[in-house]
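Protein sequences, first through last, are from chains A and B.
In this text, residue positions in the first sequence follow the working numbering: the first is 71, and each later residue adds one.
In this text, residue positions in the second sequence follow the working numbering: the first is 6, and each later residue adds one.
Ideal placement from N, C-alpha and C gives every residue a C-beta, glycine not left out.
Owing to the predicted nature of the structure, the values given are computational and were not obtained by experimental measurement.
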Amino acid sequence: MGRKSVLGEFEQTVMLAILQLGDDAYAPNIARHLDATIDRSVSRGALYSCLNQLERKGLLRWRLDAPTPERAGHARRFYQVSARGVRAVRIVRDSQLMLWRGLEGILGAAK
Amino acid sequence: MTRAFDSLLEPPRWTHAVLRFALSCDSMRDAILGDLHEEFTHDLAEVGERRARLRHLSRTTGIAARALVDSAICRSWVSTDPAGEAGRGVVSSAANATAVGAPPVVLRRTRALVGAATFPLLALFVVVVGVVVNTMMFSAAQPQGPRASSAAGIGGVALLVACVAIAAIVLCVGPRWRRKRLRRA
């Protein structure tokens, strides 16, 4: 993988949410986390589509939990960012930081 | 009585049928059904039954629509190998079997739709639309002279023939596919 970013804006957001949630990253929790932290309401279709794309790019891994009665006997699917995914996020962060640099005079200090 | 009360507190079953139609049969579909059930239960306690049902419906339609669109542009929601750390987006062996041996998801879904019991009604609708459009084209072209009229006539007849052909294929082939599927099941 070269320096070129492989992540779209929404993909970046989802990857960061998964990294923040750690071992508790499954779809409804990711949506709730995004809603609570950045006040972004996420459509479930877009979220699952994005998770599927990230999975296919090899940026995410997943594991299944044991099925529970609260989920009508369906297993929970937990996501984890793969080593390749961490590299991709790092590249995005570095290139973004380059662009943000020197703009404090215009935008003010970050919160 | 208890059974009826319990069923009220569950998400509508037809939404599961919609998702089963739209999603490939693998662990991702299983997880999505579980997630929706869990969120429905969560919403039920938080916002009440009516809003919980509305939210569930909105989520289900959103997921089904997105899955079908993704499938149409060859980005089907097929699970990758969970141990695919190497990150090549390896499709799992079960999913691979369906992906290699079977036709594309859109084609399979279309066949399933054609094989559905209600499809003859849809075919009839197509024929009716064809006849109506044909009639409208004839009546609109008539005041513009004989050449426009004959061009519209040829177009209209072609449209009508196409509609009838589609309906005939559907009516003849649909039940055969359905029988074949039932035999396989």
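Under 7 Å by beta carbon: chain A residues contacting residue i
i: residue 36 of chain B; result: 144, 145, 146 and 147
i: residue 42 of chain B; result: 141, 142 and 144
i: residue 68 of chain B; result: 114, 115 and 118
i: residue 191 of chain B; result: The requested residue 191 of chain B does not occur in the structure, where chain B is confined to residues 6 to 190.
Spatial distance of residue i from residue j (CA atoms)
i: residue 74 of chain B; j: residue 80 of chain B; result: 8 Å
i: residue 42 of chain B; j: residue 129 of chain A; result: 27 Å
i: residue 103 of chain A; j: residue 172 of chain A; result: 30 Å
i: residue 36 of chain B; j: residue 154 of chain A; result: 24 Å
i: residue 134 of chain B; j: residue 159 of chain B; result: 17 Å
i: residue 14 of chain B; j: residue 151 of chain A; result: 35 Å
i: residue 84 of chain A; j: residue 134 of chain A; result: 19 Å
i: residue 100 of chain A; j: residue 124 of chain A; result: 14 Å
i: residue 163 of chain A; j: residue 89 of chain A; result: 14 Å
i: residue 112 of chain A; j: residue 129 of chain B; result: 39 Å
i: residue 105 of chain A; j: residue 139 of chain B; result: 52 Å
i: residue 40 of chain B; j: residue 131 of chain B; result: 38 Å
i: residue 166 of chain A; j: residue 180 of chain A; result: 14 Å
i: residue 158 of chain A; j: residue 80 of chain A; result: 14 Å
i: residue 109 of chain A; j: residue 118 of chain A; result: 19 Å
i: residue 97 of chain A; j: residue 77 of chain B; result: 23 Å
Minimum Cβ-Cβ distance from residue i to chain B less than 9 Å
i: residue 169 of chain A; result: no
Boundaries (first-last residue) of the beta strand (DSSP E) holding residue i
i: residue 151 of chain A; result: 147 to 151
i: residue 132 of chain A; result: 130 to 134
Chain-ordered chain A contacts of residue i [CB-CB under 8 Å]
i: residue 20 of chain B; result: Simply none; closest approach about 12 Å.
i: residue 46 of chain B; result: 140
Interface partners of residue i on chain B, CB under 7 Å
i: residue 165 of chain A; result: Correct list: empty, because the minimum Cβ distance to chain B is about 20 Å.
i: residue 95 of chain A; result: Correct list: empty, because the minimum Cβ distance to chain B is about 12 Å.
Cutoff 9 Å: residue i Cβ touching any chain A Cβ
i: residue 104 of chain B; result: In this prediction, residue 104 of chain B scores a pLDDT of 43, lower than 50, which makes its location untrustworthy; the coordinate-derived value is nonetheless stated afterwards. Cβ-Cβ to chain A under 9 Å: no for residue 104 of chain B.
i: residue 72 of chain B; result: yes
i: residue 160 of chain B; result: no
i: residue 101 of chain B; result: For residue 101 of chain B, the predicted model reports a pLDDT of 41, less than 50, meaning its position is unreliable; a value from the coordinates is still stated below. No, no contact with chain A.
i: residue 39 of chain B; result: yes
i: residue 54 of chain B; result: no
i: residue 15 of chain B; result: yes
Contact set between residue i and chain B, taken where Cβ atoms lie within less than 9 Å
i: residue 134 of chain A; result: 32, 35, 36 and 87
Unbroken alpha helix (DSSP H) run spanning residue i, endpoints
i: residue 59 of chain B; result: 54 to 77
i: residue 91 of chain A; result: 79 to 91
i: residue 118 of chain A; result: 114 to 126
i: residue 19 of chain B; result: 18 to 27
i: residue 105 of chain A; result: 97 to 108
i: residue 172 of chain A; result: That residue, residue 172 of chain A, is in no alpha helix (DSSP H); it is neither H nor E in DSSP.
Near the ligand FMN: residue i beta-carbon under 8 Å from a heavy atom
i: residue 16 of chain B; result: Within the structure as shown, the ligand FMN is missing, as the structure has no ligands at all.
Within chain A, partners of residue i - CB distance below 9 Å
i: residue 80 of chain B; result: 119, 122, 123 and 126
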